[in-house]
Structures are given as structure tokens and as C-alpha cells.
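*Asks:* Each residue of the sequence shown is one higher than the one before, counting from 10 in my numbering.
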Amino acid sequence: MFREGSANASTLKAWGLSRSFGSGDMLTVALNEVGLELKAGQLVLLMGPSGSGKSTLLAVLSGLMKPDAGKVTALGQDLWGMTETQREAFRLKNFGFIFQGYNLFPALTARQQLEMILRWGNGARAREATERADAMLALLGLSKKAGLRPAQLSGGEKQRVAIGRALIKEPTFCFADEPTAALDWKHGEQVVELLRAAAHDAGATILIVAHDARLIPFADRVLHLEDGVIAEGAERPMALYGGSHASV
Ligand SMILES: Nc1ncnc2c1ncn2[C@@H]1O[C@H](COP(=O)(O)OP(=O)(O)O)[C@@H](O)[C@H]1O
Ligand SMILES: [Mg+2]
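#1: Give a single yes or no on whether LYS22 has its beta carbon closer than 7 angstroms to a heavy atom of ligand 2.
#2: What would DSSP say about GLY50, mapped onto helix, strand or coil?
#3: What's the gap between the Cα of GLY50 and the Cα of GLY33?
#4: Buried or exposed for GLY251, please, with buried defined as at least 16 other CB atoms from any protein chain shown within 10 angstroms of its CB.
#5: Would a C-beta distance cut-off of 8 angstroms place THR20 and THR181 closer than the cut-off?
#6: On the DSSP bridge assignment, give the partners of ASP87 in chain order.
#7: Determine contact between the region 111-122 and the region 152-168, defined as no fewer than three beta-carbon pairs at a distance below 8 angstroms.
#8: With DSSP collapsed to three states, give me the class of ARG134.
#9: With DSSP collapsed to three states, give me the class of ASP143.
#10: Do you know how far the Cα of PHE30 is from the Cα of ASN131?
#11: Compute the Euclidean distance between the alpha carbons of ARG134 and GLN168, then round it to the nearest angstrom.
#12: Less than 8 angstroms between the C-beta atoms of PRO159 and ILE172, yes or no?
#13: Taking the alpha-carbon positions, what's the SER59 to LEU40 distance?
#14: Ligand 2 and ASP186: does the residue's C-beta get closer than 7 angstroms to at least one heavy atom of that ligand?
#15: Just the Cα atoms here: how many angstroms apart are GLU241 and ALA68?
#16: So, for THR37: in the same chain, excluding its five sequence neighbours on each side, which residues have a beta-carbon less than 8 angstroms away from its beta-carbon?
#17: Under the assumption that VAL200 contacts LEU113 (Cβ atoms under 8 angstroms), give the Cβ distance between them as a whole number of angstroms.
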């Protein structure tokens with residue numbers, strides 16, 4: 010059930026992406042002419058030390074932060090050539106996001122956070138939305154927490170709700186920034202397995218930004234970002250982060 014093209018079709022391409030912050034003595038070059046290509050059906054892990062530009066790159070690739078220079082195409086469309094309204098509609102239709110910090114609605118229960126995506130985003134009926142929300146919560150080990158609001162959930166539980174919210178609409182792309190950072194490894198592994206299934210079974214294009222070396226064995230490809238420049242290959246990060254069994 011590939012949504013666009015076939016497995017291994019290029020779904021996202023970037024050329025010459027640059028982004029700086031500040032000016033003069035305070036200038037930080039977060040991205041320096043970064044290029045990459047992502048394919049449907051693959052989980053790509055983007056690693057790099059803190060401050061290396063990972064979150065900036067994710068934001069630029071996913072249409073959230075305009076680059077100073079460069080181009081991004083998603084499904085062949087020029088993301089930064091669209092109007093803001095077009096880009097928002099494109100993101101709503103095609104992108105799922107998992108952020109650090111969850112971005113859950115304080116007034117809604119875990120079940121309602123997921124139902125809302127299906128009711129508003131996909132136009133699902135109430136009953137279908139509830140059934141699918143409950144199925145996703147069960148998959149995330151959150152069935153008993155379905156009726157609780159964010160303030161009543163632990164950090165790890167909130168993170169899992171945020172992940173459920175990103176995946177429930179079966180997006181063509183999923184962008185995740187440190188999705189396992191707040192989780193113990195049992196739940197972290199569940200989450201990365203879910204993301205991997207979205208890529209391998211549903212043909213989604215998944216980009217995970219993280220510095221957690223335990224994710225490396227789950228990735229189809231590992232990219233390494235350092236000082237705003239990208240390099241391919243797991244060898245370096247494996248050494249840098251102390252091997253696949255290192256904890257964060
Ligand atoms: N809004 C901002 N204003 C100023 N500097 C920023 C801003 N966002 C990021 N930076 C700087 O850009 C660099 C890359 O940041 P970031 O992309 O968040 O790195 P990472 O996610 O790899 O930790 C860092 O030096 C950071 O301080
Ligand atoms: Mg970051």
C-alpha cells in the first residue's frame with residue numbers, strides 16, 4: 010500500500026541547504042550547504058552531537074523553518090517555493106511530526122488527542138476515530154491511560170501519545186526529533202519498531218533525528234551531521250557514540 014510511487018522512490022530531496030542564526034560575532038552557521046535524498050519505505054537516522062544542526066535540518070526539510078539558501082522538494086514539489094497556505098496544506102496532508110516537548114493539547118485526553126487528528130484531518134466518523142485511537146493506544150501500551158489528560162501522564166507517556174498522534178493518520182512522511190529521549194528503552198524500542206513498521210509495511214518516508222546510538226540497528230541508513238555538514242555511514246557515529254549498546 011505505497012502511497013506515492015513505489016518502494017525506494019525518492020520522496021524528499023534537498024540541495025545546498027544553508028541556515029545561520031545571529032550575525033557578526035554571534036553568527037552560528039547551523040547548516041552549511043547540506044544535501045540529501047530520502048526514499049519511501051526507509052527509516053533514516055540522522056545523528057550528530059548536540060548543537061550540530063539536527064533540529065534545524067529537520068525543521069527546514071519539513072517546511073517549518075525557511076532556509077537562507079537551498080531547495081527542498083517533497084513528492085516532487087518545491088516546499089519553499091509554495092505559498093505559506095499551500096505549504097501548510099501540504100504538511101497537513103503528508104507530514105507527521107514528533108517533536109521534543111510533545112505539543113499535546115492540555116484540555117484533551119490521550120484518546121481525544123488521537124481522535125482529533127482523524128476527525129479533523131481525515132474526516133473520519135466519530136466511531137471509526139475512537140476505534141482507531143484505541144487500537145493505537147493499545148499498540149503503545151497506553152490503553153489504561155486513554156482517559157487521562159497530559160498533566161496526568163508521565164513524560165514517557167506523553168511522548169508515546171505524541172507518537173501515536175503522528176502515526177495514526179498514516180502519513181507519507183514522518184519527522185521525529187529525539188523521539189526516544191524521554192523513554193526508557195523498553196518503550197523506546199516499541200516506538201522505533203512502530204516507526205520502522207510505518208516505513209517497511211506502509212511505505213512511509215521516516216527521518217529520525219537523535220543522538221541515541223541504540224537506534225542505529227533499526228535504521229536502514231545512518232547520516233551523520235557535524236558542524237553543519239552531512240556525511241553518510243554508521244561507522245563514525247557508532248564509534249562516536251560508543252557502539253550500539255551505549256545509553257544516552
Ligand atoms: N533560534 C535560534 N537562534 C539562535 N541560534 C540557534 C537557534 N536555533 C539553533 N541555533 C543554534 O544553531 C546550532 C544548531 O542548533 P540545533 O539545530 O538545535 O542543533 P541540534 O538539534 O543538533 O542540537 C546551535 O549552535 C544552536 O545554538
Ligand atoms: Mg535538537
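Using N, Cα and C, we set each Cβ at its ideal position, and we do this for glycine too.
Because the structure is a prediction, the values reported are computed rather than measured.
*Replies:* So, from the data block:
#1: For this step, residue 22 is matched to residue 13 along the sequence shown. The answer is no for LYS22.
#2: Numbered from 1 along the sequence shown, position 41 holds the residue referred to as residue 50. Coil, per DSSP.
#3: Locating residue 50 in the sequence shown gives position 41, counting from the first residue. Locating residue 33 in the sequence shown gives position 24, counting from the first residue. Each residue's Cα considered, the two are about 42 angstroms apart.
#4: Position 242 of the sequence shown, counting from 1, holds the residue named residue 251. Model confidence at GLY251 stands at a pLDDT of 45, short of 50, so the residue's coordinates are unreliable; what they give is reported in the following sentence. Exposed is the call here.
#5: As a working mapping, residue 20 is identified with position 11 in the sequence shown. As a working mapping, residue 181 is identified with position 172 in the sequence shown. Contact flag set, yes.
#6: Here the question's residue 87 lines up with position 78 in the sequence shown. Note: ASP87 sits in a beta bridge opposite THR82.
#7: yes
#8: The residue given as residue 134 occupies position 125 in the sequence shown. Three-state DSSP puts ARG134 in coil, outside helix and strand.
#9: As a first step, residue 143 is located in the sequence shown; it is residue number 134 there, counting from the start. In the structure shown, ASP143 sits in a helix (DSSP, three-state: H, G or I).
#10: In the sequence shown, the residue the question calls residue 131 occupies position 122. In the sequence shown, the residue the question calls residue 30 occupies position 21. Each residue's alpha carbon lies about 37 angstroms from the other.
#11: Along the sequence shown, one-based indexing puts residue 134 at 125. Along the sequence shown, one-based indexing puts residue 168 at 159. So the two alpha carbons sit approximately 26 angstroms from each other.
#12: For the purposes of this step, residue 159 is taken as residue 150 along the sequence shown, with counting starting at 1. For the purposes of this step, residue 172 is taken as residue 163 along the sequence shown, with counting starting at 1. Cβ distance not < 8 angstroms, so PRO159 and ILE172 don't count as in contact.
#13: By 1-based counting over the sequence shown, the position of residue 59 is 50. By 1-based counting over the sequence shown, the position of residue 40 is 31. Computed Cα separation, rounded: 14 angstroms.
#14: If you number the sequence shown from 1, residue 186 lands on position 177. Yes, since a heavy atom of ligand 2 falls inside the 7 angstroms radius drawn around the Cβ of ASP186.
#15: If you number the sequence shown from 1, residue 241 lands on position 232. If you number the sequence shown from 1, residue 68 lands on position 59. Between GLU241 and ALA68, the C-alpha separation is close to 20 angstroms.
#16: Residue numbering aside, residue 37 sits at position 28 when the sequence shown is read from its first letter. Result list for THR37: SER29, PHE30 and GLY31, in chain order.
#17: Here residue 200 refers to the residue found at position 191 when the sequence shown is read from its first residue. Here residue 113 refers to the residue found at position 104 when the sequence shown is read from its first residue. With 8 angstroms as the limit, VAL200 and LEU113 do not qualify as a contact, their Cβ atoms being about 16 angstroms apart.
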